[in-house]
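K.L.:
After the structure tokens below, expect a handful of questions from me.
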Amino acid sequence: MNRDVQHGSSTRLDQYVDRYAARTRGMTASEIRALFSVASRPEVVSLAGGMPNISGLPLDVVGDALGDLVQEQGTVAMQYGSGQGVPELREQICSVMALEGIEAHPDDVVVTVGSQQAVDLVTRIFCDPGDVVICEAPSYVGALGVFRAYECDIVHAEMDADGLVPEALRQAIMATKAAGKTIKFLYTIPNYHNPAGVSMSPERRPEILEICREADILVLEDNPYGLLGFDREPYRALRADESEGVIYLGSFSKTFAPGFRVGWALAPHAVREKLVLAQESATLCPPQFSQMAVSAYLSRHDWQGQIKQFREMYRERRDAMVEALSDLMPAACQWNVPDGGFYVWLTLPPGIDAKLMLPRAVTARVAYVPGTAFFADGFGSSSMRLSYCYPDPDRIREGVRRLAGVLEAEMEL
Ligand code: PMP
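Everything in the sequence shown is counted per UniProt numbering, starting at 1 for the first residue and increasing by one.
Structure, rendered in structure tokens:
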């Protein structure tokens, strides 16, 4: 039974290899994982991770709320709870979603372990092996991992500065249907896209909804960054104008703190029931303590004021990054200037491969994520994702300076 198997770039002996289910073939460690253990050293400026910077949170307020929670409701908070989630929190979630034009009933909300689990549960209830999920090109690496784990086929559709291109979506649907495959849903990140940094324009949204309605495809709207815009009010969610055809996912990871692992799905009534059953089989119930902690934070703290502070901090970091890119990067590079969220998508001059360059970048003490991580089909080699969310502005400038140095050396090779 012993056999050498390929795990990313390293070969290891795995004596269980013949026993794993077929679906684990889609679960491979990324080739860049080994580099990231190096990239997390303090001397390396990491523009790779998407960790929110939560240093501005009022830890005293959170501490008091947690203390009171244990003192006053400890036996409830530390007990099993409902598979659907804490009712009071589900009501509060509806007021969060109202900021993006959504009128929802708490009964249609299912609390999940981060929105990552919501992506998993939705895929679990809808997708059989070989079913197609249409994703933007590029798309969120963590969702691609879920779709692969359920043995879905991933079909990409192009984006531009206004987000998903309607014509590209039409083409993807037509080609997939012509190949005799079943499309289960469109997975889209309409706001401050991870990794592309763009948003779907309000003008496009009705057209995207109409295309999916006509083709009878659900929309999975993944929206963890929607409230983190720098210069404008949030756009109306897709779910605000279409309640039957859209499953909306939200999260407190970026607007509060990811450690609580609280996210949610808002789904049409029947789907919501299936999601609760799936949630019960996955976890029995989402963590009661985390939910009550988030609920207490929302009711005791000016959470909208906190989000405003986060936005200002991220805007300053975005400015530091795009200024440094303009000042330092070779002219043949292209990048977008995001108006919210965490990410810049940068395209290198022709002939330069971001994945091949990464070890040299890490040696020069700067890290990024190569574009190929965000495609299921090998595309993206000339691009990279740069995150400005975590390092402070001086570190960001230093990281870009190092990156520009590596790139210049690469272009001379
Ligand atoms: N969707 C997108 C687009 C994300 O960027 C992330 C986190 N990086 C998630 C979902 C998952 O977030 P969480 O599980 O922390 O809510």
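For every residue, glycine included, the Cβ atom is placed at its ideal position computed from N, Cα and C.
Straight-line CA distance for Ser387 to Arg397?
P.N.:
Numbered from 1 along the sequence shown, position 387 holds the residue referred to as residue 387. Numbered from 1 along the sequence shown, position 397 holds the residue referred to as residue 397. Whole-angstrom Cα-Cα distance: 12 Å.
K.L.:
To which residues of the same chain is Pro391 closer than 8 Å at the C-beta, ignoring the five residues directly before and after it?
P.N.:
Counting from 1 along the sequence shown, the entry for residue 391 is found at position 391. Hits under 8 Å: Val45, Ser46, Leu47, Arg317 and Gly399.
K.L.:
Taking the alpha carbon of Pro287 as the reference point, which residue from Val111, His105 and Phe36 has its own alpha carbon closest?
P.N.:
Numbered from 1 along the sequence shown, position 287 holds the residue referred to as residue 287. The residue with the shortest Cα to Cα distance from Pro287 is Val111.
K.L.:
Residues in the same chain with beta-carbon distance under 7 Å from Glu158, minus the five sequence neighbours each way, listed in chain order, please.
P.N.:
Counted from its first residue, the sequence shown places residue 158 at position 158. Ala137, Val165 and Ala168, listed in sequence order.
K.L.:
Check His156 in the structure and name its three-state DSSP category.
P.N.:
Residue 156 sits at position 156 when you count from the first residue of the sequence shown. Correct three-state label for His156: strand.
K.L.:
Nearest by alpha-carbon distance to Gln279: which of Phe310, Arg90, Val113 and Ser37 is it?
P.N.:
Here residue 279 refers to the residue found at position 279 when the sequence shown is read from its first residue. Nearest C-alpha to Gln279: Val113.
K.L.:
Using 8 Å as the threshold, is the C-beta distance between Trp303 and Ile93 below it?
P.N.:
Numbered from its first residue, the sequence shown carries residue 303 at position 303. Numbered from its first residue, the sequence shown carries residue 93 at position 93. Result no, Cβ atoms of Trp303 and Ile93 do not sit closer than 8 Å.
K.L.:
Excluding the five sequence neighbours on either side, which residues of its own chain have a C-beta within less than 7 Å of the C-beta of Gly101, listed in chain order?
P.N.:
As a first step, residue 101 is located in the sequence shown; it is residue number 101 there, counting from the start. Excluding residues within five positions, the ones whose Cβ falls inside 7 Å are Arg236, Ala237 and Ala240.
K.L.:
Flag Asp120 as yes when its Cβ comes closer than 7 Å to any non-hydrogen atom of the ligand MG, and as no otherwise.
P.N.:
What this structure holds is the ligand PMP, not the ligand MG.
K.L.:
Going by alpha carbons, who is nearest to Arg204 out of Pro190, Thr176 and Pro195?
P.N.:
Position 204 of the sequence shown holds residue 204. Residue Pro190 is the option with its Cα nearest to Arg204.
K.L.:
Would you report the Cα separation of Gly56 and Cys389, rounded to the nearest angstrom?
P.N.:
Position 56 of the sequence shown holds residue 56. Position 389 of the sequence shown holds residue 389. Roughly 13 Å separates the two Cα atoms.
K.L.:
Hey, would you say the C-beta of Ser387 is under 7 Å away from at least one heavy atom of the ligand PMP?
P.N.:
Position 387 of the sequence shown, counting from 1, holds the residue named residue 387. Ser387: no, Cβ never under 7 Å from the ligand PMP.
K.L.:
In whole angstroms, give me the CA-to-CA distance for Met1 and Ala29.
P.N.:
As a first step, residue 1 must be located in the sequence shown, where it is residue number 1. As a first step, residue 29 must be located in the sequence shown, where it is residue number 29. Low local confidence applies: a pLDDT of 37 at Met1 is under 50, so the model's placement there is unreliable, and no value is given.
K.L.:
Give every residue whose Cβ lies closer than 6 Å to any heavy atom of the ligand PMP, listed in chain order.
P.N.:
Answer in sequence order: Gly50, Gly114, Ser115, Gln116, Tyr140, Gly142, Ile189, Asn194, Asp222, Pro224, Ser251, Ser253, Pro258 and Gly263.
K.L.:
Between Ser299 and the rest of its own chain, which residues show a CB-CB distance below 6 Å, the 5 nearest in sequence each way excluded?
P.N.:
For this step, residue 299 is matched to residue 299 along the sequence shown. No residues qualify anywhere along the chain.
K.L.:
What three-state label does DSSP hand Ser10 in the structure shown?
P.N.:
Here the question's residue 10 lines up with position 10 in the sequence shown. Residue placement at Ser10 is flagged as unreliable, the pLDDT there being 47, under the threshold of 50; the coordinate-derived value follows with that caveat. It is a strand residue.
K.L.:
Using the Cα positions of Ser253 and Arg395, report the straight-line distance between them to the nearest angstrom.
P.N.:
By 1-based counting over the sequence shown, the position of residue 253 is 253. By 1-based counting over the sequence shown, the position of residue 395 is 395. So the two alpha carbons sit approximately 23 Å from each other.
K.L.:
Can the beta-carbon of Pro258 be found less than 8 Å from the beta-carbon of Leu99?
P.N.:
Start at 1 with the first residue of the sequence shown, and residue 258 comes out as number 258. Start at 1 with the first residue of the sequence shown, and residue 99 comes out as number 99. No; because the gap between Cβ atoms is not below 8 Å, this pair is not in contact.
K.L.:
What do you reckon, are the CB atoms on Leu220 and Tyr187 nearer than 8 Å?
P.N.:
Within the sequence shown, numbered from 1, the residue matching residue 220 stands at position 220. Within the sequence shown, numbered from 1, the residue matching residue 187 stands at position 187. Cβ atoms of Leu220 and Tyr187: closer than 8 Å.
K.L.:
What are the boundary residues of the alpha helix (DSSP H) that includes Cys212?
P.N.:
As a working note, residue 212 is residue 212 in the sequence shown. Element bounds for Cys212: Arg205 to Ala215.
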